[in-house]
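Chains as they are written, first to last, in my numbering: chain X, 733 to 1031; chain W, 206 to 595.
All residues carry an ideal CB built from backbone N, CA and C; glycine is no exception.
Heads up, the thing below is written out as structure tokens.
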């Protein structure tokens, strides 16, 4: 039972991180209709900057983190302004493939920047401390991730519901043309959505490279790819769905990893493909994800 | 006037003749060009060509799906992998040592190759119900699952099929008793002119035939009724349904044919490998490379897919070769400083993907058409009659 509780808490915490990733992905899709395959690039940029500044240049963590987040936001803004915006007239598929190309270039550049170093350990205030609650042992980083996730997600939803920009964004998602006629600047809303995605991805990236993960490596982006199944299974156009999707993915991965012995017949490291298995199962039943709007058309 | 026109089929015939002759020009031919082809032997170029032709077939398949039916798939490296390993398992011999456990059926290679293509088709069919129900983007990401789950299955669940992370040997091809080995017995050696045909030369001709077949089949399919239906589905799904195109069936159909193309590409890929294939060669990266091939070449265009596949696939090995000789500035020699050729190649095709989509969404095919038009000095009128295929 303790083991289950421990896995549950760890799973929810990992799920919160994935939820942040998926949320950024969904926000961009809602506000602009673009499926952003450059999301891993945003995460990798932010995480790399933070790790590099704290480890190599001995920066204070609280100084390095905003720089990392800012870097990811700038990159997101750059991609939106110079690459996505000029393509607005083209088919969504074309823009999607273009973001894949942008992702490839950025990720290759980050790997090149890393040079001969295989692993960059980020130096954070939480280190490898653990916390004991009852029988449950939990790394402090996981707890911080959970708290940060909850705070950011709540803040996002409050902002999304109440602020002028949030209302503008929802209006654009609802009906882009009418929103434009009402005086909402769609290009600004789009830029804002991308910046949000960059910031959220950078925060998520930080929690993917701190303890118990050894540090930033060239495979960190694999974790970022998991945001896609998370967003899809929740429903691409549902912010709430992104949270649920992130939690489902985080929980299923952690549980599959924890109960690896019982799942041995599915092969070693089965937990790595768990997000995709869950995604395909959900899509079989609900082709638009759990909370996605179903497109209604009859012939 | 019409005599002086450059007709596309002149180029086709000339290109084919050149491709037929390449294996016959033994090293003496390359010696003359040593200035331009440093440190290379004929085997390097033949080997590269074999891989590129395998990619051409796979890219044609993806182009059918993406360019014609408008369905995004990030999972095509999975079907390439299915083709490659089905061939290896069916044609390969069983091997059991203390460290190696390989399952093999030792079938005749041709039969194994055909079954491998069918197997990829079966996998495509199994996925087709998912594919047909999902809209473009959902499909793209769902098919991403195929790559990761397929890799996991072969690597961790059935290592006896795939040889685990070390990969396994590819059985040599054999056609009507003719063995495709590097140094055949003198009695079984085949000569063309005074050139003895070894593995690479023989494979080259077989591959060339397969590629031409795949190309012609693609063109016919696209020009006929199925092609029109697919493009209708791509351009306006609802409208296609209204005019009587069974949308779900055609989407599934495109997925099936496309996955069989990819499977055939996989068989060729396995055959092209000098010794082994391993699961790691068929990851997410290959999927992205395939997409890049199709988009750089030009969505929907068969010739574009050929160009894109050759360009994307050959960029890295070629840069590698030249960098080794130190003949390209900025690029690092092995162990030296500078941009690594592999990194440079990724930059180039990644940037090509972005830039082409920004300024010329038709890809290299559209650039080529524009060039031909400029050369012909034709008045800027309606485009040539192959544009409806786009």
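{"Check": "For the beta strand (DSSP E) that contains residue 863(X), what are its first and last residues?", "Outcome": "862 to 865"}
{"Check": "In this structure, does DSSP put residue 871(X) in helix, strand or coil?", "Outcome": "strand"}
{"Check": "From what residue to what residue does the alpha helix (DSSP H) around residue 896(X) run?", "Outcome": "896 to 906"}
{"Check": "In chain X, which residues lie with their C-beta within 7 Å of the C-beta of residue 552(W)?", "Outcome": "837 and 840"}
{"Check": "Check whether the segment 349 to 357 of chain W touches the segment 277 to 284 of chain W, counting contact only when three or more Cβ pairs, one atom from each stretch, lie closer than 8 Å.", "Outcome": "yes"}
{"Check": "For residue 834(X), would you say it is in contact with chain W, using Cβ-to-Cβ distances shorter than 8 Å as the test?", "Outcome": "yes"}
{"Check": "Would you be able to state if there are at least three C-beta pairs under 8 Å between the segment 769 to 783 of chain X and the segment 896 to 907 of chain X?", "Outcome": "no"}
{"Check": "Cβ of residue 923(X) less than 8 Å from any chain W Cβ?", "Outcome": "no"}
{"Check": "Shorter than 8 Å from the beta carbon of residue 1000(X) to some beta carbon of chain W?", "Outcome": "yes"}
{"Check": "Helix, strand or coil for residue 485(W) per DSSP?", "Outcome": "helix"}
{"Check": "Of the choices 407(W), 370(W), 363(W) and 359(W), whose alpha-carbon is the least far from that of residue 380(W)?", "Outcome": "407(W)"}
{"Check": "Per DSSP, what kind of secondary structure is residue 920(X) in: helix, strand or coil?", "Outcome": "helix"}
{"Check": "Is it the case that the Cβ atoms of residue 276(W) and residue 344(W) are separated by a distance below 8 Å?", "Outcome": "yes"}
{"Check": "Along the alpha helix (DSSP H) that carries residue 844(X), what are the first and last residues, could you check?", "Outcome": "824 to 846"}
{"Check": "Within a Cβ cutoff of 6 Å, which residues of the same chain sit near residue 985(X), ignoring the five residues on either side of it in sequence?", "Outcome": "1003 and 1006"}
{"Check": "Compare the C-alpha of residue 913(X) against each of 925(X), 900(X), 924(X) and 923(X) and name the closest.", "Outcome": "900(X)"}
{"Check": "Are the Cβ atoms of residue 495(W) and residue 264(W) separated by less than 8 Å?", "Outcome": "yes"}
{"Check": "Please return the same chain residues whose Cβ sits closer than 6 Å to the Cβ of residue 297(W), not counting the five positions on each side in sequence.", "Outcome": "309 and 376"}
{"Check": "Kindly give me the distance between the Cβ atoms of residue 938(X) and residue 800(X), rounded to whole angstroms, as I take these residues to be in contact under 8 Å.", "Outcome": "7 Å"}
{"Check": "CB residue 972(X) to CB residue 783(X), shorter than 8 Å?", "Outcome": "no"}
{"Check": "Can you check which of these residues, 819(X), 796(X), 960(X) and 990(X), is closest to residue 353(W) by C-alpha distance?", "Outcome": "960(X)"}
{"Check": "Would the segment 759 to 770 of chain X and the segment 994 to 1001 of chain X be scored as touching if the rule is three or more Cβ pairs under 8 Å?", "Outcome": "no"}
{"Check": "So, using beta-carbon positions, are residue 1047(X) and residue 555(W) closer together than 8 Å?", "Outcome": "What the structure shows of chain X is the stretch from 733 to 1031, and residue 1047(X) is not part of that stretch, so it cannot be assessed."}
{"Check": "Pair every Cβ in the segment 797 to 817 of chain X with every Cβ in the segment 317 to 330 of chain W, then say whether three or more of these pairs are closer than 8 Å.", "Outcome": "no"}
{"Check": "Would you tell me roughly how many angstroms separate the C-alpha atoms of residue 871(X) and residue 990(X), rounded to the nearest one?", "Outcome": "15 Å"}
{"Check": "Looking at the strands, I want to know which residues DSSP matches up with residue 307(W).", "Outcome": "300(W)"}
{"Check": "Tell me, which residues are paired with residue 384(W) by DSSP?", "Outcome": "379(W)"}
{"Check": "What's the call for residue 371(W), buried or exposed, on a 16-neighbour Cβ count within 10 Å?", "Outcome": "exposed"}
{"Check": "Closer than 7 Å by beta-carbon distance: list the chain X residues that pair up with residue 266(W), in chain order.", "Outcome": "Within 7 Å Cβ-Cβ: nothing; residue 266(W) doesn't reach chain X, min ~17 Å."}
{"Check": "Hey, how far is the Cα of residue 501(W) from the Cα of residue 315(W)?", "Outcome": "33 Å"}
{"Check": "For chain X, check one thing: does any of its Cβ atoms lie closer than 8 Å to the Cβ of residue 241(W)?", "Outcome": "Here residue 241(W) scores only 47 on pLDDT, less than 50, and its place in the model is too uncertain to base an answer on."}
{"Check": "On the three-state DSSP scale, how would you describe residue 1022(X)?", "Outcome": "coil"}
{"Check": "What runs of the beta strand (DSSP E), each 3 residues or longer, lie entirely inside the segment 395 to 479 of chain W?", "Outcome": "395 to 397 and 400 to 402"}
{"Check": "Taking Cβ to Cβ, would you say residue 921(X) is nearer than 8 Å to residue 747(X)?", "Outcome": "no"}
{"Check": "Between residue 822(X) and chain W, is there a C-beta pair that is closer than 8 Å?", "Outcome": "yes"}
{"Check": "Which of the three DSSP states, helix, strand or coil, is assigned to residue 251(W)?", "Outcome": "helix"}
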